[in-house]
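Take a look at the structure set out below.
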Amino acid sequence: MQFSIEIEAPREKVWQTLWEDKTFRDWGNIIDEGQYMVGEMAEGNEVQFISSEGLGVTSFVEKLIPHEYIAFRQVADTMDSGKQEREKEWTGGKESFELSEKNNSTNLTVNIDVPPGLEEIFQDRFPRALERVKILAEKKK
Numbered sequence: 002m003q004f005s006i007e008i009e010a011p012r013e014k015v016w017q018t019l020w021e022d023k024t025f026r027d028w029g030n031i032i033d034e035g036q037y038m039v040g041e042m043a044e045g046n047e048v049q050f051i052s053s054e055g056l057g058v059t060s061f062v063e064k065l066i067p068h069e070y071i072a073f074r075q076v077a078d079t080m081d082s083g084k085q086e087r088e089k090e091w092t093g094g095k096e097s098f099e100l101s102e103k104n105n106s107t108n109l110t111v112n113i114d115v116p117p118g119l120e121e122i123f124q125d126r127f128p129r130a131l132e133r134v135k136i137l138a139e140k141k142k
């Protein structure tokens, strides 16, 4: 699935809004209640995205160009706040965030592999989450 939004802010501010803990928790909560991230966002690292229920996914950062592009490969579905593996619903999927700036405005495009049966949920939640990123980034001016 692909989602895109135009944000009236430089891409550095959009990037910070996406990945700083406080703002990530804010917009990520729309996708999965209580979602937070564990780990250092750096190419070659693994990070975990975990919900308030303790379910999540461990993702490998395949490529990272700060303020411009990040690509994840989902390497394990987890439970118990990332301590145990569970069914492989997300494992193997890919997700990327691309930011391109023009005239102090940023286009954010997200490509995400969504497991069968969850398309409708993501079709509803992801645009709302990106709208929240827009509000937060534009407020940071």
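Residue numbering for the sequence shown follows my numbering, beginning at 2 and increasing consecutively.
All C-beta atoms, glycine included, are put in the ideal place defined by N, C-alpha and C.
| Item | Value |
| --- | --- |
| Under the three-state DSSP convention, the category Q150 falls into | The requested residue 150 is not part of the displayed model; the chain covers only 2 to 142. |
| Sequence ranges, beta strand (DSSP E) only - wholly within the segment 54 to 114, length at least 3 | 57 to 66, 70 to 80, 95 to 103, 106 to 113 |
| C-beta contact flag for M38 and Q49 at 8 Å | yes |
| Alpha-carbon spacing of E21 relative to E63, whole angstroms | 19 Å |
| Beta-bridge partners of F25, as assigned by DSSP | In the DSSP output, where bridge partners are listed per residue, F25 has none listed. |
| N-terminal and C-terminal residue of the beta strand (DSSP E) that Q1 is part of | Nothing can be reported for residue 1: it is not among the residues displayed for the chain, which extend from 2 to 142. |
| Among W28, I31, N30, N108, nearest to E9 - alpha-carbon criterion | N108 |
| Simplified DSSP assignment, three categories, for E41 | coil |
| Own chain, CB closer than 6 Å to D114, minus 5 neighbours either side, in chain order | G94, K95 |
| Under the three-state DSSP convention, the category E7 falls into | strand |
| Proximity of T59 and L137 at Cβ, strictly below 8 Å | no |
| 8 Å CB neighbourhood of D125 in its chain, flanking five on each side removed | none |
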